[in-house]
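Remarks on the structure that follows.
See below:
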């Protein structure tokens, strides 16, 4: 095996080390923040000002610009949670554990937003704040999965055991993701079918679709930033006795 | 301008949704930033204490 | 791959597969309860419960909407193109209620075959368009194009 310290493989392996990840994340985060804010500004302006009203729902449909990205992120982050959980179980990677634990509260927040904004949209359009159809119910279950994961990990004292138990729960719950997505096709639901995430052409006007995609991007970068911020805290906390952390905190002290 | 805030009569649904989203996203991102700063302060205080007790 | 790693990989894969199978079986068994509503055809076939409230879903038949003067009573027919059911409802209807709209009504079937609704919800489709586009589409349809 090559001992050359500058091969991509060794650089990648080193990335998995806490100080490297901490440093790299710290360098990337300001750029991530700028992109995130730019996407939010563009998406909000596009969605609230530029996009026309809907022929059927009027101005109320504009909740779509926060409801749909939240829902998409609630599922995406859970997929990340499940994937990093599997990786941490199989390869015993500490960083995968950290990303999993960091992602759960953020994913829970997106799920909560999806449910509440959906409610605020459902009341004027459907005529009810809530209905126990397959789509809404499975999304609510997703929230319980997130909260269950967070509670389980918090309840167990040993960090490693806690992560492992949480990982099993996260993996088991991943079966909910296809259920959420296909619920509107497999069963009779009040929630309508997919507008964008289907193999067909999106059934939404381009002027409405573009702000939606911009907001989806904004949410993605928001997740990226938030997750990295949480992982950095986790790294500092679990590595507090190491020399590199000592150097870091003493040099930062003003 | 007023029509914008009225959202076709649906203002009572649209704006609280946006407000709650903004609040939730802001809190999500600010909390870890503040925790990191607090943690660094804590750890540096511990470190300087150790330095002092060592040099005494 | 190290043997222990491979073992863990297999275990995790089995875990996912096992849960997926279990969930699939559970959902299959619960089919009836997962569907939010019955269609008019299902009601016609006698699949809907006789003595308990249930939800009926369909489209409002053009020209079937009849309102009583002076009260909030309304009657309309819901169809799934094969069968239809007459719905009677007293109360405020959702903003989206109109002919051709998808509707989900909760209530019970009377002996005369009329569905007495206690709640009427509107179901909209997954299309989002500005008003100009729909107007243009309707004009095109009226002219016999597409």
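Chains as they are written, first to last, in the numbering used here: chain Y, 8 to 261; chain P, 8 to 63; chain U, 17 to 162. C-beta: ideal position from N, C-alpha, C; glycine also.
Here's a check: name, in chain order, each residue in its chain whose Cβ is nearer than 7 Å to the Cβ of residue 230/Y, leaving out the five neighbours to either side.
80, 84, 113
Alpha carbon of residue 256/Y to alpha carbon of residue 165/Y, nearest angstrom:
26 Å
is_contact[residue 232/Y, chain P] using C-beta, thresh 8 Å:
yes
The segment 120-136 of chain U in contact with the segment 118-128 of chain Y per 3-pair CB rule at 8 Å
no
Candidates 93/Y, 128/Y, 109/Y, 82/Y: closest to residue 65/Y by CA position
The shortest Cα separation from residue 65/Y among 93/Y, 128/Y, 109/Y, 82/Y belongs to 128/Y.
For chain Y, is any of its Cβ atoms less than 8 Å away from the one on residue 8/P?
no
Min CB distance residue 88/Y to chain P below 8 Å:
no
C-alpha distance - residue 141/Y paired with residue 191/Y, whole-angstrom precision
About 7 Å.
Please confirm whether residue 203/Y has its beta-carbon closer than 8 Å to some beta-carbon of chain P.
Taking 8 Å as the threshold, the shortest C-beta distance from residue 203/Y to chain P does not fall below it.
From residue 158/U to residue 152/U, what does the alpha carbon distance come to, in whole angstroms?
10 Å
Option nearest residue 269/Y by Cα separation, candidates 10/P, 46/P, 50/P, 32/P
The question about residue 269/Y has no answer, for chain Y in this structure spans 8 to 261.
Counting C-beta neighbours from all protein chains within 10 Å, is the total for residue 11/P 16 or more, i.e. buried, or is it exposed?
So residue 11/P ends up on the exposed side.
Give the secondary structure of residue 26/P by DSSP, where H, G and I count as helix, E and B as strand, and everything else as coil.
helix
Can you pull the chain U residues whose beta carbon is under 7 Å from the beta carbon of residue 200/Y, in chain order?
142
Is there at least one non-hydrogen atom of the ligand NAD closer than 7 Å to the beta-carbon of residue 168/Y?
Of ligands this structure carries none, so the ligand NAD is not represented either.
Distance cutoff 8 Å, beta carbons only. Does residue 133/Y sit that close to anything in chain U?
yes
Count the C-beta pairs between the segment 102-112 of chain Y and the segment 50-63 of chain P that are closer than 8 Å, then say yes if the count reaches three, no if not.
no
Continuous beta strand (DSSP E) stretch holding residue 139/U: start and end:
131-139
Residue 245/Y and residue 173/Y: beta carbons closer than 8 Å?
no
Taking DSSP as the reference, what is the three-state secondary structure of residue 73/U?
strand
Chain P residues whose Cβ lies nearer than 8 Å to that of residue 219/Y
Within chain P, no residue comes near residue 219/Y; the closest Cβ sits about 14 Å away, beyond 8 Å.
Could you tell me which residues DSSP puts in a beta bridge with residue 144/U?
211/Y
So, is the C-beta of residue 26/P closer than 8 Å to a C-beta in chain Y?
Cβ-Cβ to chain Y under 8 Å: no for residue 26/P.
For residue 176/Y, report the span of its alpha helix (DSSP H) as first-last.
166-180
Give the C-beta separation of residue 214/Y and residue 146/U to the nearest angstrom, bearing in mind that I take them to be a contact with Cβ-Cβ under 8 Å.
7 Å
From the DSSP output, which residues share a beta bridge with residue 125/U?
131/U
Quick check: the Cα distance between residue 131/Y and residue 178/Y, rounded to an integer number of angstroms?
Spanning the alpha carbons of residue 131/Y and residue 178/Y requires a straight line of approximately 37 Å.
When the Cβ atoms of the segment 49-62 of chain Y are set against those of the segment 130-148 of chain U, are three or more pairs found closer than 8 Å?
yes
Do residue 94/U and residue 56/U have their C-beta atoms within less than 8 Å of each other?
yes
Sub-8 Å separation of residue 54/U and residue 64/U beta-carbons
yes
State whether the segment 233-251 of chain Y contacts the segment 40-54 of chain P, with contact taken as three or more CB pairs (one from each stretch) at a distance under 8 Å.
The segment 233-251 of chain Y and the segment 40-54 of chain P touch, with no fewer than 3 CB-CB distances between them shorter than 8 Å.
From what residue to what residue does the alpha helix (DSSP H) around residue 94/U run?
Element bounds for residue 94/U: not the alpha helix (DSSP H) but the beta strand (DSSP E), 89-95.
Check each residue of the segment 67-93 of chain U: if its Cβ is closer than 8 Å to any Cβ of chain A, include it; give the result in chain order.
Reference to chain A is not applicable here, since the protein chains of this structure are Y, P and U.
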